[in-house]
Every structure is written in C-alpha cells, then in structure tokens.
Amino acid sequence: MCISRLSWDFSVLGMLGSFSRGKTLCLIPPKQAENLPHHLNSLCESMKVELLMGPPSMLAFLDSSSAGVFLREIIVGGDVLMPEMTRPWVSAGVSICNIWGPTEATVLLTACTIT
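In the numbering used here, the protein residues as written are -9 to 105.
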C-alpha cells in the first residue's frame, strides 16, 4: 500500500514496486483517504498489507503491536526519519527502508535498511 498522492513521485515507486513483485496494489477508498490517519491500521489489517510506503510521519499513526502479522516491510521517504520512530517496528521484525532522491531527477537515489 502506497499512501502518497499520484502527483508525488513516490507513487511511481509504489505502483512499480508492487507490480514488479507480483503483488496487488491496494487503493484506499476515497472516504477513508480523507481521514487516513484514523483508518490506516484498519486498512492495513483488512487488506492484509505486507508492504507499506509513505512518509515517516505515517509511523505515528500505525499500531506496532500488530507488526509482523501481515506487515513485513515499510519504505519511508520524503522527510526526516527519527530513530525513535523505527524502534518498535525493527524490534517486531519489520524491515524498514529509508529512501531519498531528488524529485526533479529520480524517485530514489539512496536507500538504507534500518537495523
């Protein structure tokens, strides 16, 4: 599931990343997208999301106690990723990858898996 708008370059990575892995791309229903922070956990559970992509701030809205049930990997980018945001996820065995790239030239240039 990629929670970025289609106008953000991150959405390209979400779409191509899902399709290249043979996965299904989860689209968020419009009514739930309007207030995504309150629906993110239930959407991830109901859609059995394995890979979640978005800005680091989305981690504050996710319940890490359900980590590893379906969610296996989180890819974040577009903002600063603070170490304390990753600890509950890494300790639960979820892989977190922090990516960066200049929007004007590419979707991503560097990627670092957090351990």
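A virtual CB, placed ideally from N, CA and C, is assigned to each residue, including glycine. Bear in mind that the values here come from a model prediction, so they are computed numbers and not experimental data.
Helix, strand or coil for residue i? Go by DSSP, reduced to three states.
i: Ser1; result: helix
i: Glu94; result: coil
i: Cys(-8); result: strand
i: Asn88; result: strand
i: Gly44; result: strand
i: Cys34; result: helix
Count the other CB atoms, across all protein chains shown, that sit within 10 Å of the CB of residue i; report buried if there are 16 or more and exposed otherwise.
i: Leu70; result: Here the sequence assigns Val to residue 70, which means Leu is not the residue at that position. Classification for Val70: exposed.
i: Gly12; result: exposed
i: Leu15; result: exposed
i: Leu3; result: buried
i: Leu52; result: buried
Please go through the same chain and pick out, in chain order, the residues whose beta-carbon is closer than 6 Å to the beta-carbon of residue i, but skip the five residues on each side of it.
i: Arg62; result: Glu40
i: Gln22; result: His29
Report the residue from the options whose alpha carbon sits nearest the alpha carbon of residue i.
i: Leu49; options: Val2, Leu98, Leu26 and Leu17; result: Leu26
i: Ile86; options: Glu94, Thr96 and Pro73; result: Pro73
i: Gly83; options: Val59, Gln22 and Thr14; result: Val59
i: Phe0; options: Gly12, Thr96 and Pro20; result: Thr96
i: Cys102; options: Ile89, Thr93 and Glu94; result: Ile89
i: Met75; options: Gly91, Thr100, Gly67 and Pro46; result: Pro46
i: Ile104; options: Gly91, Gly67, Glu94 and Pro92; result: Gly67
For residue i, which residues from the same chain have a beta carbon less than 7 Å from its beta carbon, with the 5 sequence-adjacent residues on both sides left out?
i: Leu42; result: Met(-9), Cys34, Leu61 and Ile64
For this session: Would you list, in sequence order, the uninterrupted alpha helix (DSSP H) runs of no fewer than 4 residues that lie entirely inside the region 56 to 82?
Result: 73 to 81
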